[in-house]
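Take a look at the structure below.
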Amino acid sequence: MSEVAAVRVKNLVKDFRGPFRGKKVHAVRDVSLKIAPGEVYGLIGPNGSGKSTTMKAVLGLVAPTSGSCAIFGKNSTKVDSRGEVGFLPENPYFYKHLTAAETVRFYGRLCGMRGRVLRDRIEEMLELVGLQEARDRRLKGFSKGMLQRIGLAQALVQDPRLVVLDEPTAGVDPKGSREIRDLILTLKERGITVFLCSHLLEQVQEICDRVGIIHGGVLVNEGRLDDLISLEDKTELILENASSVLMEQIRELVEVTHGVNLVSEGQARTTLESLFLRETQGASSQEGRRQRSGKSRKRIIR
Amino acid sequence: MSSPSSFFSPRRVLIIAQSTVTQLVRMKIFYFLAPVALLFLGLQFFDAIWFEGPEALMPEQELRMHKNICLGTMMLFTSLFAIVSTALLIPGDIEDRTLYTILCKPVPRLDYLAGKLLGVIVVLFIAMLVMDVLLVTTLHFRTEEKLLQTTEYMVKIGYPEREIAAGRAEIAAHGPTILLQFGVLSHFLKACVIAAVALLISTFSTSTLFTIATSVMIWIIGSFQSIARDGLFNDASFGEAPSWADKIVGTLISLVFPDFQLFEAISDAAARAEDVLYSDVGQLLGLSVVYVGIYVVLSWFVFSDKEF
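Now the structure itself:
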């Protein structure tokens, strides 16, 4: 028997009507996708492309005009499908009158948790998102990044098998963003399925196994990330400590080889995010040392 | 981990109600009790000039006025509180997207609505209890004072013992009796029904302001609808007998809007220290449960298909 998909969206169509039976807007048109258990799936697309509507349909917050969504085989419009899901909305707001620990407790209790199991889970979640110090502080004093982290804690409190994240790093500084990314990778290691929407393509590229590109409500492309982004007729070669003599030899070799062109050649670059992290965190990590030594790296694309 | 029912779970309703109570308490809504307390205490020392001389009010009239002012204040505050607090909760959760995170947990929408309403009702009960304690305390001291003054006066004039006892009994009847508690209960029940109305409106309203304005309008219509109905459709002095259309309109109004005059009847009787039948109080309780039940079911009906 084949394994039940963590998320299955089948021919999803969602139309919205303006007030007073106004003009119909097609938000999602015949979208079908399947996310396997343990997979990290990224849904990307421009604003208004139907990402959030698809996500809301999966979570049962909007009802499909036609088609269906299922979570681990259970119809998304039914309440029992949500026992296995944790959701972090974009720019989450929680009850500001609650403390961090009370917030996680509230959501845990809604999932039927209680007693020692819940108490232990609260501590575990606060530790996971690095908010033990702020456990008794009310959320009204929390920064954007802290709210995002408490959002993750509440999403994970009942140990769901699927986590749905809508722009999880929106408005968070690069350090917080990196921490959230690391957390998603930890979830992946634990075998938790992640369904992610993000504008930050670099981030999606870094953590997702499969990606869907949605535009105008239509899923225009979908597949394994490696397959989607690799350029079949181009090869990239990054050399460390390459001498000018070696570089000249490579150029000559390329020149004499029939049908091969040297497209570009230059100094390998770090990303702005890596530079920012290195400058703000100090250059203590191995990653930092590796990046600094990148000064002597050469990059060649054939 | 226990898995509560996916249809309706009293435990989950209690969790949401508890959170609502915490939210309202931390919003410092009980601060509104301070002016009420001041008013009740101030009444204790208030003696209008017409309380003396030949036009002086009888002690029982004075006590009735004390009760009328206090019960009226309690009614006004609890009704407004029921509207404002309910109107703030659901639209607030939608605007903040807190609702997303709640409904994405295994929480049926009925549990959410029932929990929110129960939370408001618990806070209303606490507020009513505090005001009731204040009312009973101030009225007790005021009644004792009137009893003493009247007894001294009657003894001085030379009233017989039997008449003094009768006068004292009449004054005591206007003190803090079980009848007064029926009046307080009627205002509490009325506030619960108003909160349920506000809950229904907030399920389809797009703003807090609209919810508050519409709820206040229904409160006013509900308070006067029976008078208007009697005048327009039942009173023969208005001329012709009501047409079928008038009767249908009258019936529809009474079905759509709760009749708050029924609640006022008990409260007025309590203020006048007139006998109130236990069966009437029971009927009012039953009617309130029916009203709240209908509005919750209607709210659920609207909210269950709402998209966010």
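Protein sequence lines, in the order shown, are assigned to chains A and S. Just so we're on the same page, the working numbering is the position in the first sequence counted from 1, plus 178. Just so we're on the same page, the working numbering is the position in the second sequence counted from 1, plus 397. Every residue gets a Cβ at the ideal spot worked out from N, C-alpha and C, and that includes glycine. Keep in mind the model is a prediction, meaning the values are calculated, not measured.
Strictly below 7 Å CB to CB, what residues from chain S border residue i?
| i | result |
| --- | --- |
| A:P267 | R494, Y497, T498 |
| A:R287 | I412 |
| A:F320 | Under the 7 Å cutoff, chain S gives no residues; its nearest Cβ is about 14 Å from A:F320. |
| A:Q332 | T498 |
| A:P162 | Missing from the structure shown is residue 162 of chain A; chain A here goes from 179 to 480 and no further. |
If you follow the alpha helix (DSSP H) that residue i is in, where does it begin and where does it stop?
| i | result |
| --- | --- |
| A:G527 | Outside the shown range of chain A (179 to 480) lies residue 527 of chain A, about which nothing can therefore be said. |
| S:A414 | 407-423 |
| S:V687 | 675-701 |
| A:Y285 | 278-288 |
| A:S408 | Element bounds for A:S408: n/a, residue is neither H nor E. |
| S:V527 | 506-554 |
| S:I466 | 456-493 |
| A:R359 | 352-367 |
Since residue i meets chain A, which of its residues come closer than 8 Å, beta carbon to beta carbon?
| i | result |
| --- | --- |
| S:M424 | H275 |
| S:P503 | V257, D258, R260, G261, L288, C289, G290 |
Using only the alpha-carbon positions, how far apart do residue i and residue j sit?
| i | j | result |
| --- | --- | --- |
| A:A446 | A:H275 | 49 Å |
| S:W447 | S:L460 | With a pLDDT of 48 at S:W447, under the threshold of 50, the predicted position of this residue should be treated as unreliable, and no value is reported. |
| S:F705 | A:G323 | 24 Å |
| A:E268 | A:L397 | 21 Å |
| S:P451 | S:Y550 | Confidence in S:P451 is poor, its pLDDT being 48 and thus under 50, which makes the residue's placement too unreliable to answer from. |
| S:I466 | S:L532 | 10 Å |
| A:R315 | A:G390 | 39 Å |
| A:S566 | S:D493 | Past the boundaries of the shown model lies residue 566 of chain A; chain A is included only from 179 to 480, so the question cannot be answered. |
| A:V263 | S:V689 | 33 Å |
| A:V218 | A:D411 | 27 Å |
| S:V687 | S:F474 | 23 Å |
| S:T603 | A:G290 | 31 Å |
| A:E550 | S:P407 | Lying before the first or after the last residue shown, residue 550 of chain A is absent from chain A, which here runs from 179 to 480. |
| S:S583 | S:L411 | 25 Å |
Check for me: the beta strand (DSSP E) holding residue i runs from which residue to which?
| i | result |
| --- | --- |
| A:H204 | 202-213 |
| A:C386 | Neither: A:C386 is in no beta strand (DSSP E) and is coded neither H nor E. |
| A:C375 | 371-375 |
| A:Q332 | Where A:Q332 is concerned, there is no enclosing beta strand (DSSP E), although the alpha helix (DSSP H) it sits in stretches over 322-334. |
| S:G564 | Not the beta strand (DSSP E): S:G564 falls in the alpha helix (DSSP H), residues 558-570. |
| A:A248 | 244-249 |
| A:D344 | 340-344 |
| A:E443 | 442-445 |
| A:D193 | 185-195 |
| A:R294 | Counting along the chain, A:R294 falls outside any beta strand (DSSP E), though it belongs to the alpha helix (DSSP H) covering 293-306. |
| A:G238 | Segment: none, A:G238 is in no beta strand (DSSP E) and carries neither H nor E. |
I want to verify the contact list: residues of chain A whose CB lies under 7 Å from the CB of residue i, in sequence order.
| i | result |
| --- | --- |
| S:Q353 | The structure shown has nothing for residue 353 of chain S, since chain S only spans 398 to 705. |
Label residue i either buried or exposed according to how many other C-beta atoms from any shown protein chain fall within 10 Å of its C-beta, with 16 as the threshold for buried.
| i | result |
| --- | --- |
| S:A642 | exposed |
| A:V341 | buried |
| A:G226 | exposed |
| A:Q469 | Since pLDDT at A:Q469 reaches only 48, below the 50 mark, its modelled position is unreliable, and the value read off the structure follows with that caveat. By the neighbour-count rule (16 or more Cβ atoms within 10 Å), A:Q469 is buried. |
| A:P338 | buried |
| A:D298 | exposed |
| S:K502 | buried |
| A:I358 | buried |
| A:T413 | exposed |
| A:R287 | buried |
| A:F284 | buried |
| A:K192 | buried |
| S:M614 | exposed |
| A:A159 | With chain A covering 179 to 480 only, the question about residue 159 of chain A has no answer from this structure. |
| S:T645 | This sequence places Ile at residue 645 of chain S; Thr is not what is there. It counts as exposed. |
| S:S696 | buried |
| A:R388 | buried |
| S:Q622 | buried |
| A:K201 | exposed |
| S:S685 | buried |
Starting from residue i, find everything on chain A with Cβ-Cβ shorter than 9 Å and list it in chain order.
| i | result |
| --- | --- |
| S:R409 | R287, L288, G290 |
Using a C-beta to C-beta distance shorter than 8 Å, which residues of chain S count as neighbours of residue i?
| i | result |
| --- | --- |
| A:F284 | I412, S416 |
| query | In the region 234-252 of chain A, which residues sit with their C-beta less than 8 Å from some C-beta in chain S, listed in chain order? | reply | Along the region 234-252 of chain A, going in chain order, the ones with a CB nearer than 8 Å to a CB of chain S are K234, L237, G238, L239, V240, A241.
| request: Could you name the residues of the region 672-705 of chain S whose beta carbon sits closer than 9 Å to any beta carbon of chain A, in the order they occur along the chain? | output: Under the 9 Å Cβ criterion, the region 672-705 of chain S contributes D702, E704, F705.
| task | Closer than 8 Å, Cβ to Cβ, to anything on chain A: give me those residues from the region 595-615 of chain S, in chain order. | result | Under the 8 Å Cβ criterion, the region 595-615 of chain S contributes no residue.
| When Cβ atoms are compared, which residues of the region 338-360 of chain A fall closer than 7 Å to chain S? | If the cut-off is 7 Å between Cβ atoms, the region 338-360 of chain A has nothing near chain S.
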